[in-house]
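Q: Structure provided below as structure tokens; questions to follow.
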Amino acid sequence: MAVGCSLAWSIHMQNELFSEASSEVQGVQSRSLGIEIPQNKESPVARAMRRIRTIMLKKLAPVLAYSGGKDSSILVALVLTTAREMKERGEIVMPLTIVHSNTGVENPEITELARSEMVKMKAYAEKHGLKLTINVGKPTLSASWAVKVIGGRGIPSFPDGQASCSVDWKVAVNTRLLTAAYKQLRKTEDIADVVVMTGVREDESIIRDMRIKKRGEVAEGLWENEDGQLRASPILDWTVDDVWLHIGYCNAGVEDSFSDFSDVMRVYAGAGGSSCVVVADMRTANNKTACGARFGCWACVKTQNDRSMDTLIASDEQRYGHMKPLAALRNYISNTQYDWSKRQFVTRTIDAEGFITIGADTYSPNMLADLLAYTLTAQVESGVSIIDYATLVGIDARWSMYGLLPPFACLKIYFDVMDGNLKRAPVVERHPKTPTPSIGKIYVGRQWEHIEGPNSLSGLRDTSREFHGEACGLDLRVLSNGNMVIDDERDDGIEVDPEGAMDFVEFFGREMVQQHCRMDHPDWAAGYMTYLGYGTLAIAKGRSAQADGILRRTRWRQANNLHGQRSVEELRARCVSLNEEQLELLAA
Numbered sequence: 103m104a105v106g107c108s109l110a111w112s113i114h115m116q117n118e119l120f121s122e123a124s125s126e127v128q129g130v131q132s133r134s135l136g137i138e139i140p141q142n143k144e145s146p147v148a149r150a151m152r153r154i155r156t157i158m159l160k161k162l163a164p165v166l167a168y169s170g171g172k173d174s175s176i177l178v179a180l181v182l183t184t185a186r187e188m189k190e191r192g193e194i195v196m197p198l199t200i201v202h203s204n205t206g207v208e209n210p211e212i213t214e215l216a217r218s219e220m221v222k223m224k225a226y227a228e229k230h231g232l233k234l235t236i237n238v239g240k241p242t243l244s245a246s247w248a249v250k251v252i253g254g255r256g257i258p259s260f261p262d263g264q265a266s267c268s269v270d271w272k273v274a275v276n277t278r279l280l281t282a283a284y285k286q287l288r289k290t291e292d293i294a295d296v297v298v299m300t301g302v303r304e305d306e307s308i309i310r311d312m313r314i315k316k317r318g319e320v321a322e323g324l325w326e327n328e329d330g331q332l333r334a335s336p337i338l339d340w341t342v343d344d345v346w347l348h349i350g351y352c353n354a355g356v357e358d359s360f361s362d363f364s365d366v367m368r369v370y371a372g373a374g375g376s377s378c379v380v381v382a383d384m385r386t387a388n389n390k391t392a393c394g395a396r397f398g399c400w401a402c403v404k405t406q407n408d409r410s411m412d413t414l415i416a417s418d419e420q421r422y423g424h425m426k427p428l429a430a431l432r433n434y435i436s437n438t439q440y441d442w443s444k445r446q447f448v449t450r451t452i453d454a455e456g457f458i459t460i461g462a463d464t465y466s467p468n469m470l471a472d473l474l475a476y477t478l479t480a481q482v483e484s485g486v487s488i489i490d491y492a493t494l495v496g497i498d499a500r501w502s503m504y505g506l507l508p509p510f511a512c513l514k515i516y517f518d519v520m521d522g523n524l525k526r527a528p529v530v531e532r533h534p535k536t537p538t539p540s541i542g543k544i545y546v547g548r549q550w551e552h553i554e555g556p557n558s559l560s561g562l563r564d565t566s567r568e569f570h571g572e573a574c575g576l577d578l579r580v581l582s583n584g585n586m587v588i589d590d591e592r593d594d595g596i597e598v599d600p601e602g603a604m605d606f607v608e609f610f611g612r613e614m615v616q617q618h619c620r621m622d623h624p625d626w627a628a629g630y631m632t633y634l635g636y637g638t639l640a641i642a643k644g645r646s647a648q649a650d651g652i653l654r655r656t657r658w659r660q661a662n663n664l665h666g667q668r669s670v671e672e673l674r675a676r677c678v679s680l681n682e683e684q685l686e687l688l689a690a
């Protein structure tokens with residue numbers, strides 16, 4: 103915010119606050135008729151704090167959903183201030199819990215903003231003797247952007263597709279955090295129940311207002327969600343002016359708060375391309391992403407352009423210029439949505455008659471390898487963590503398990519980039535939208551399902567480990583279909599051990615690449631099996647049958663040249679039926 107704008111605004115707010123306080127003391131207003139009419143002068147702040155205090159006096163423990171945005175920041179400030187005042191009065195204060203989800207691909211400025219503000223929350227609570235717990239969650243490894251997209255499990259959430267990312271990265275994460283909070287808080291005898299508070303407001307958009315009405319949200323008192331759990335929306339009836347006014351008071355030191363919100367104002371001002379944060383907020387009000395976030399994930403391609411990030415970078419290149427590699431990678435992914443040469447044409451589903459469809463599906467192995475190199479390069483140049491050791495192993499294991507690339511190809515690319523061979527995402531024109539091409543079908547049958555003879559060891563089996571089974575404690579188990587597999591399941595559901603992943607990559611990675619990463623390797627699934635053998639990777643409980651089936655299909659595909667990168671021409675020649683009218687889509 104410009105100095106002049108900030109100073110004038112602070113003076114205006116202080117005058118308004120003092121005038122308002124004076125009116126509240128008077129409590130009445132006289133008219134010329136001589137009749138005194140009581141006036142309700144409860145300010146938005148007093149109103150919200152009264153609601154919060156009433157809830158806590160009923161021995162309801164608040165759980166606050168914090169995103170890093172202005173509304174959730176104000177909610178936290180009001181709750182902490184209310185709790186402090188209650189403690190000073192000698193009233194019983196409920197334990198406070200804050201939950202925050204980090205998608206792993208958040209705008210880096212929002213990630214840092216949320217982190218630094220949560221540090222301030224904790225410091226404020228400790229200073230005033232408040233019991234505050236902050237829990238930060240993230241998506242599961244398999245649901246993360248890197249493993250899903252670069253690992254080849256699915257394509258990004260494009261404009262004409264489903265926004266599954268908001269479910270995997272936000273809804274599912276918050277659900278886990280809330281479930282854990284409920285479980286912990288309900289163990290305390292002094293707590294009657296738990297109430298989740300959000301910073302939702304009514305005047306943000308027509309669509310949001312419709313959702314608020316459908317959920318039955320109210321500003322006064324409590325409401326219940328579809329599962330009968332208590333909810334509260336203490337600033338539901340606040341306007342955007344109320345929010346910025348209170349932030350301004352806190353920034354000027356007029357109102358007590360855990361933060362002066364200077365960083366919040368800076369980020370909003372930068373994203374809106376204005377020195378005045380209120381004007382900037384108005385400019386970005388219509389720039390929200392498909393999931394409703396003002397500042398979307400840097401990898402989000404649900405909209406064609408990320409105006410908030412572009413404007414933020416342009417507002418101060420010295421401060422925000424490090425995000426340019428992320429923006430370039432995002433734009434490349436967005437612009438190549440309809441570039442069918444980047445897709446895998448051997449689909450993953452085999453129908454009941456034993457036919458596999460040949461048509462554009464997820465990203466091709468070559469595209470996956472490029473995306474990994476582009477992402478690692480962006481990570482190096484931006485300083486933003488995207489792919490850690492566990493994620494690297496998760497991607498590599500999936501490539502191997504599905505026969506997409508030779509064993510440890512992921513590690514080879516990683517070491518290439520770390521050795522200085524950077525590979526930046528190229529600037530490309532947006533490909534025009536065309537129908538998804540479908541070439542035809544190849545008959546593959548279901549030979550891999552036969553467990554007799556040579557196929558008996560083609561699935562989740564490791565003869566070298568089994569030979570030394572007694573020494574290393576390896577057990578075998580029989581599946582419901584009669585297949586025998588090694589027992590590498592873990593009860594805790596953790597599939598990649600973070601410390602084990604770091605040790606494997608750093609101490610064995612280059613050796614594994616040298617020994618196994620070649621196109622003519624006889625078993626492309628060997629990388630996956632090696633990670634299992636070293637204990638770096640484990641199978642989630644109850645997933646052995648699924649892993650066994652995938653490995654059998656992968657090894658069958660390799661034996662029949664349907665693994666890795668296959669050309670459209672080769673696949674077309676092998677089709678037993680063709681969709682001729684679709685072939686022209688590939689000519690461009």
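First residue of the sequence shown: 103, per my numbering; consecutive thereafter.
A virtual CB, placed ideally from N, CA and C, is assigned to each residue, including glycine.
(1) Let me make sure I understand the geometry here. Which of G318, R620 and E455 has the alpha-carbon closest to that of K514?
(2) What residues in its chain sit with their C-beta under 8 Å from that of H533, if we drop five residues either side in the sequence?
(3) Using the DSSP secondary-structure output, state which residues sit across from K543 in a beta bridge.
(4) Where in the stretch 303-333 do unbroken runs of the beta strand (DSSP E), each at least 3 residues long, occur, reported from the N-terminal end onward?
(5) Can you tell me whether N327 is buried or exposed, with buried defined as 16 or more other CB within 10 angstroms of its CB?
(6) Does DSSP put G88 in a helix, a strand or coil?
(7) Alpha carbons only, please: which of S466, V546 and G301 is nearest the one belonging to G254?
(8) Out of I641, G602 and N663, which one is the CA nearest neighbour of D625?
(9) Could you tell me the distance, in whole angstroms, from the CA atom of M158 to the CA atom of V195?
(10) Here's the rule: buried if 16 or more other CB atoms are within 10 angstroms of the residue's CB, otherwise exposed. What is S417?
(11) Identify whether R659 lies in helix, strand or coil by the three-state DSSP scheme.
(12) Do G170 and I236 have their C-beta atoms closer together than 8 Å?
(13) Roughly how many whole angstroms lie between the Cα atoms of I252 and V356?
(14) When you compare each of T538, A245 and E208 to S266 by their alpha carbons, which one comes out closest?
(15) Quick one: what does DSSP say S246 is sitting in, helix, strand or coil?
(16) Can you give me the C-alpha to C-alpha distance between L644 and T242, rounded to a whole angstrom?
(17) Identify which residue in F260, R368, C399 and E190 has its Cα closest to the Cα of R155.
(18) According to DSSP, simplified to helix, strand and coil, what is Y351?
(19) Please go through the stretch 178-218 and give each complete beta strand (DSSP E) segment of 3 or more residues, from N-terminal end onward.
(20) Distance, Cα to Cα, K444 vs L506?
(21) Assuming P336 contacts A150 under a Cβ cut-off of 8 Å, what Cβ separation, rounded to an integer in Å, is found between them?
(22) Quick check on the burial criterion: 16 or more other C-beta atoms within 10 angstroms. Buried or exposed for T479?
(23) By the 10 Å Cβ neighbour count, where 16 or more other Cβ atoms means buried, how is V366 classified, buried or exposed?
(24) Secondary structure at P336, three-state DSSP: helix, strand or coil?
(25) Alpha carbon to alpha carbon, what distance is there between K525 and P164?
(26) If you draw a straight line from the C-alpha of T493 to the C-alpha of A248, how long is it?
(27) Rounded to whole angstroms, what is the Cα-Cα separation between L673 and K315?
(28) Does the beta-carbon of P539 have 16 or more other beta-carbons within 10 angstroms, so that it is buried, or is it exposed?
(29) Output the distance between the C-alpha atoms of V448 and W501, rounded to the nearest integer angstrom.
(30) Determine, using beta carbons only, whether V519 and A454 come nearer to each other than 8 Å.
(31) Is DSSP giving I489 helix, strand or coil here?
(32) Just checking: is the beta-carbon of T213 within a distance shorter than 8 Å of some beta-carbon in chain D?
(33) Could you have a look at R133 and say whether DSSP puts it in helix, strand or coil?
(34) Rounded to whole angstroms, how far is the Cβ of A167 from the Cβ of T300, which I believe are closer than 8 Å?
(35) Under 8 Å between the Cβ atoms of Y633 and V495?
(36) Cβ atoms of Y630 and F606: under 8 Å apart, would you say?
A: According to the structure shown:
(1) R620
(2) Excluding five sequence positions before and after H533, the CB atoms of its chain that fall closer than 8 Å to its own CB belong to N437, T438, Q439, Y440 and D441, given in chain order.
(3) T459 and S679, per the DSSP bridge assignment.
(4) none
(5) exposed
(6) Summary: the structure shown does not reach residue 88, with the chain confined to residues 103 through 690, and so no result is reported for it.
(7) S466
(8) N663
(9) 7 Å
(10) buried
(11) helix
(12) no
(13) 49 Å
(14) A245
(15) coil
(16) One detail in the question is off: residue 644 reads as Gly in this sequence, not Leu. About 17 Å.
(17) E190
(18) Y351: helix per DSSP, three-state reduction.
(19) 198-203
(20) 14 Å
(21) 4 Å
(22) buried
(23) buried
(24) Residue state, collapsed to three classes: coil.
(25) 48 Å
(26) 7 Å
(27) Whole-angstrom Cα-Cα distance: 53 Å.
(28) Buried is the call here.
(29) The straight-line gap from Cα to Cα measures roughly 14 Å.
(30) no
(31) coil
(32) In summary, chain D is missing from the structure at hand, where a single protein chain is found.
(33) Note that R133 has pLDDT 41, beneath the 50 cutoff, so the model's placement of it is unreliable and no number is given.
(34) For a cut-off of 8 Å, the C-beta gap from A167 to T300 is around 5 Å, short enough to register as a contact.
(35) Taking a C-beta distance under 8 Å as the contact criterion, Y633 and V495 qualify as a contact pair.
(36) no
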